[in-house]
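> One structure, pasted below without further comment.
Residue numbers (our numbering): 123 to 317.
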């Protein structure tokens, strides 16, 4: 026979201090807020990561959203700054960031380099870090320069190298947006213009 004498779990998450708030009389929306806050804490320890169970990797497309949640809802600047620095550290010789870093298995998603530039913008808009951010301008310019190499005469982008992930949406083969026969993509162009 088996006797279970105790059963327990241990919560582990980044020690965010919630400063933002959301009030509504709709309990279902309050529940969504609470689940979101718990998820934000579970998906951050020494880095942001996409899932506390599955991959546990800091993808810069996801990290941008996570950093915005941090900047909106807490006073923490350490984790967003750390993610920005790790994006710079992940840059490869071709001028793009890796899609996820740190990781023992390099992967390239070219659109995530533009998400990393977005992280710089978000920090600039939400925190007083103008002087601190200056050190990342050469890296951001390097990414933009890499993209400019793929500009056609009409100023649209030819198909970028690597995986140009957008989302796991219906009609997006392997998460990539649709492309024209010439390799053109409205999504790819708009993400570049936004960056």
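No residue lacks a Cβ here, since even glycine has one placed at the ideal position from N, Cα and C.
Using only the alpha-carbon positions, how far apart do residue 258 and residue 209 sit?
10 Å
> Quick one: using the 10 Å Cβ neighbour count with 16 as the cut-off for buried, is residue 194 buried or exposed?
exposed
> Identify the continuous alpha helix (DSSP H) that holds residue 208 and give its terminal residues.
200 to 211
> On the DSSP bridge list, what partners appear for residue 269?
Its beta-bridge partners do not exist; DSSP assigns none.
> Just to confirm, are residue 169 and residue 228 a CB contact at a threshold of 9 Å?
no
> State yes or no: is the C-beta of residue 184 within less than 9 Å of the C-beta of residue 172?
The criterion of a C-beta distance shorter than 9 Å is satisfied by residue 184 and residue 172.
> Relative to the alpha-carbon of residue 203, which residue among 230, 253 and 127 has its alpha-carbon at the smallest distance?
253
> Would you identify the three-state DSSP class for residue 222, choosing helix, strand or coil?
strand
> Who pairs with residue 285 in a beta bridge, going by DSSP?
231
> Quick one: Cα of residue 114 to Cα of residue 131, how far?
Nothing about residue 114 can be read from this structure; the chain reaches only from 123 to 317.
> So who's on the other strand from residue 166, going by DSSP bridges?
170
> By a C-beta neighbour count over all protein chains shown, 10 Å radius and 16 as the cutoff for buried, is residue 282 buried or exposed?
buried
> Skipping 5 residues on each side, what residues in its chain have a beta carbon closer than 6 Å to that of residue 206?
The answer, listed in chain order, is 241.
> Compute the beta-carbon to beta-carbon distance between residue 136 and residue 160, rounded to the nearest angstrom, for a pair I have assumed lies under 8 Å.
Actually they are not in contact, since the Cβ atoms of residue 136 and residue 160 sit about 11 Å apart, beyond 8 Å.
> Three-state secondary structure (DSSP) at residue 179?
coil
> Rank 304, 294 and 297 by C-alpha distance to the C-alpha of residue 273 and give the top, closest one.
Of the residues 304, 294 and 297, the one whose Cα lies closest to the Cα of residue 273 is 304.
> Can you give the beta carbon distance from residue 264 to residue 217, rounded, assuming they're within the 8 Å contact cut?
5 Å
> For the alpha helix (DSSP H) containing residue 310, list its first residue and its last residue.
308 to 316
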